[in-house]
Each structure stands twice: as C-alpha cells, then as structure tokens.
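Read in numbering that gives the first Met the number 0, the sequence shown has 207 at position 208, and its numbers run on one by one without any break. Beta carbons are placed, not taken as given, at the ideal position from N, Cα and C, and that holds for glycine.
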Amino acid sequence: MSSPIVFYDIPSKLGINAWSPNTWKTRYALNIKGVPYKTEWVEYPDIEALAKKIGAPSTGTKDDGSPAYTLPIISDPNTGKVVSDSFLIAVYLDATYPNRGATLFPAGTKPLIAAFESGIVGALGGLFPLQLAASCVVLNPPSEVYFRRTREASFGKKIEEFSPEGPTRQADVAKGREAFNAVDGWLAKSEGKFVLGNTVSYADGVLAGWLTWIKIINTIWKDDFATWHNGRWATYLDAVEKAGYASVN
C-alpha cells in the first residue's frame, strides 16, 4: 500500500487523546494488522457532516427515521473505500490486506468473535452509567455539550445522576464485577496471553478496546477493576500494550 489509511476518531482533553471504546477497537485492529494509518480527530457535532462528505455508510437510524452516523470510520486512499463500524472495518482490513500483520479473524472465528463482543457488552452493562458520566468529563467543549444533551435525552436525567457516588455507584460496580466472573471464566480457558491463546485476533481489539475505555477515563480501574479476578484484566491489557498494539498514530 502506498498511502496511509485515514482513521477518524473522537478527541478528548486527555494527553493520549483517544478514549472511545468503539474507536479503540479499530485502532487496535489497525495496529494488529500493521497497516500504515493516520488519525484525523473529529468532534461529535461534526461527525455527520464528515460522514456525508466522504460517503461513509450510516450505522443506524435516529428516532426520527433519518440515518445515524458514528465513528469509527476509515477512508482507504489505496482502494477508494470508506468503511464505518468497527467490526466491518476489521473485516475489511483482513480482506484487503491479508498479508499484513496478524489475521484478525482466524478461520471460522468471525461468528464466535461477534458473540464474544456481545458477551463483553453484556458484562459491562452495570458499569455503563458510570462510564458514560466519566466519558462526558474528558471531552472537549463541543463534544461535551453534544454528548451531554444526547445521553441525558436517552436516560431522562442529568448525567451527574447516572451513577452518583454512594450506594448507587457501589451497586453498579458490584454488578460489573459479578458480570465479569463469566468473562474471567472464558479467558481462563485461553491457555495464553490473548483471547485465543497466544494468537492475537480481533477478539483482543474488542476486549482491549472496552478495557482501555475504563482504564484511561475512570479511577475505578486503579482503585478496583484492575485487581478483579486476581489481576487478570490489568495483566491482559499490559500484555496487549507490550505487544505494541496500543500505539496512537
């Protein structure tokens, strides 16, 4: 390939800039494949205009029936393709660059990895209110206003009320830990440092993407989550980072 892929991500006030779990999944996929790419940062209110300008497919439907556009999006100048949705982007990278880096979906694993992600999202359910509130805090002003307005409309309350300190938050964290017992059981069967043993795959983009979201925006990681299940999650994420898959280009 002669030109780097353009990867569209959402910026933040954090030093690392990258924060979103969905875009982190694509960042991990790009790093695992080892394809050259560059990041262009797009604030939340500008995503729809950008997507329409570059011809990105919608990823859902708004309440009024109009198309919804989200990041991640990649634009590949080598093929002219524009792809939305982290899973579809991973599929595209494997199909287009089969000889680059690792295979994101080893033979026969695509449906299993899709199911694995559903399981991870389900396990995180109790922590979502807390994570959304923590996400709002790290955003730049234009995105913070957009994020607050849309999430408060969805939940019907102020973002500060999503998971307030005290019994509510303690219960949310307890739900998260209990739900991750199942994920801990899955990884206990791995027999290696990655989800599929010692074979890195898009399953690691999925798990590491969600864990990175918690680690970089929420003190719950250092204070609690990293120690769960005999430190499995901190050990796992450390292995992914040491393998060079967490770089931000």
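Exercise for review: Jot down the residue ranges of each uninterrupted beta strand (DSSP E) in the segment 124-170, minimum 3 residues, whole runs only, in chain order.
Suggested key: Whole beta strand (DSSP E) segments, 3+ residues: zero.
Check your understanding: Under three-state DSSP, which class holds S74?
Key -> Position 75 of the sequence shown holds residue 74. Strand.
Review point. For W232, which option in S200, N248 and G184 has the closest C-alpha, if you only look at C-alpha atoms?
Key: As a first step, residue 232 must be located in the sequence shown, where it is residue number 233. That would be G184, whose Cα lies nearest to the Cα of W232.
Point to revise | Nearest-angstrom Cα separation, counted from D223 out to K37 | key: Taking the first residue of the sequence shown as position 1, residue 37 is located at position 38. Taking the first residue of the sequence shown as position 1, residue 223 is located at position 224. Whole-angstrom Cα-Cα distance: 34 angstroms.
Point to revise | Y235, enclosing alpha helix (DSSP H) - first and last residue | key: For this step, residue 235 is matched to residue 236 along the sequence shown. Counting along the chain, the alpha helix (DSSP H) containing Y235 begins and ends at W227 to K241.
Check your understanding: What did DSSP end up calling I9 once you bin it into helix, strand or coil?
Key -> As a first step, residue 9 is located in the sequence shown; it is residue number 10 there, counting from the start. Three-state DSSP puts I9 in coil, outside helix and strand.
Practice item. Give the single residue among G230, R168 and P141 whose Cα lies nearest to the Cα of E42. Key: Taking the sequence shown and counting its residues from 1, the one referred to as residue 42 is at position 43. The candidate whose alpha carbon is nearest that of E42 is P141.
Review point. Run through DSSP, which three-state label would F86 get?
Key: What you label residue 86 is simply residue 87 of the sequence shown in a count that begins at 1. Three-state result, F86: helix.
Point to revise | Alpha-carbon to alpha-carbon, L138 and I9 | key: Here residue 9 refers to the residue found at position 10 when the sequence shown is read from its first residue. Here residue 138 refers to the residue found at position 139 when the sequence shown is read from its first residue. Distance between the alpha carbons of I9 and L138 is about 9 angstroms.
**Study point:** Boundaries (first-last residue) of the beta strand (DSSP E) holding Y36
**Key:** Position 37 of the sequence shown, counted from the first residue, corresponds to residue 36. Counting along the chain, the beta strand (DSSP E) containing Y36 begins and ends at Y36 to W40.
Exercise for review: May I have the straight-line CA-CA distance separating K24 from G165, to the nearest angstrom?
Suggested key: Start at 1 with the first residue of the sequence shown, and residue 24 comes out as number 25. Start at 1 with the first residue of the sequence shown, and residue 165 comes out as number 166. The straight-line gap from Cα to Cα measures roughly 32 angstroms.
Check your understanding: Tell me which same chain residues have a C-beta within less than 8 angstroms of the C-beta of P105, skipping the five on either side of it?
Key -> The residue given as residue 105 occupies position 106 in the sequence shown. Taken in chain order, the residues that qualify are L195, T198 and S200.
Point to revise | Residues near N21 in its chain [Cβ-Cβ closer than 8 angstroms; skip 5 each side] | key: On the sequence shown, residue 21 is found 22 positions in, with the first residue counted as 1. Closer than 8 angstroms at the Cβ level, and outside the excluded window around N21, lie T69, L70, P71, S85 and G208.
Review point. For P247 versus R99, is the C-beta spacing smaller than 9 angstroms?
Key: Here residue 247 refers to the residue found at position 248 of the sequence shown. Here residue 99 refers to the residue found at position 100 of the sequence shown. Note on identity: in this sequence residue 247 is Val, with Pro being the wrong assignment. Going by C-beta atoms, V247 is not nearer than 9 angstroms to R99.
Check your understanding: Cα separation between T226 and K12?
Key -> Counting from one through the sequence shown, the residue named residue 226 turns up at place 227. Counting from one through the sequence shown, the residue named residue 12 turns up at place 13. Roughly 27 angstroms separates the two Cα atoms.
Practice item. Please work out which residues of its chain come closer than 6 angstroms, Cβ to Cβ, to E116, disregarding the five sequence neighbours upstream and downstream, and give them in chain order. Key: Working through the sequence shown from its first residue, we reach residue 116 at position 117. Same-chain partners within the cutoff: V205.
Review point. Helix, strand or coil: how does DSSP classify A101 here?
Key: Position 102 of the sequence shown, counted from the first residue, corresponds to residue 101. In this structure, A101 counts as coil in the three-state DSSP scheme.
Check your understanding: P110: buried (16+ other C-beta within 10 angstroms of its C-beta) or exposed?
Key -> The residue labelled residue 110 in the question sits at position 111 within the sequence shown. Flag for P110 reads exposed.
Check your understanding: For the putative contact between L129 and D171, defined by C-beta atoms under 8 angstroms, what is the C-beta separation to the nearest angstrom?
Key -> As a working mapping, residue 129 is identified with position 130 in the sequence shown. As a working mapping, residue 171 is identified with position 172 in the sequence shown. Contact between L129 and D171 holds, since their C-beta atoms are separated by about 5 angstroms, short of 8 angstroms.
Point to revise | Local Cβ density within 10 Å of A62, reported as buried at 16 or more and exposed below that | key: Counting from one through the sequence shown, the residue named residue 62 turns up at place 63. Correcting the residue type first, residue 62 is Asp in the shown sequence and not Ala. Looking at its Cβ environment, which holds fewer than 16 other Cβ atoms inside 10 Å, D62 is exposed.
**Study point:** Inter-residue Cα distance where the pair is D45 and A173
**Key:** Position 46 of the sequence shown, counting from 1, holds the residue named residue 45. Position 174 of the sequence shown, counting from 1, holds the residue named residue 173. Each residue's alpha carbon lies about 36 angstroms from the other.
Point to revise | Helix, strand or coil at V182 according to DSSP, with G and I counted as helix | key: For the purposes of this step, residue 182 is taken as residue 183 along the sequence shown, with counting starting at 1. Here V182 sits in helix by DSSP.
Check your understanding: CB I119 to CB V34, shorter than 9 angstroms?
Key -> Indexing the sequence shown from 1 puts residue 119 at position 120. Indexing the sequence shown from 1 puts residue 34 at position 35. Contact: no.
Point to revise | Whole-angstrom C-beta distance between G125 and A178, which should lie under 8 angstroms | key: Working through the sequence shown from its first residue, we reach residue 178 at position 179. Working through the sequence shown from its first residue, we reach residue 125 at position 126. Right, the Cβ-Cβ distance comes to about 6 angstroms (below 8 angstroms), so this counts as a contact.
Review point. Does L70 get closer than 9 angstroms to chain B when you measure Cβ to Cβ?
Key: Of the protein chains in this structure there is only one, and it is not chain B.
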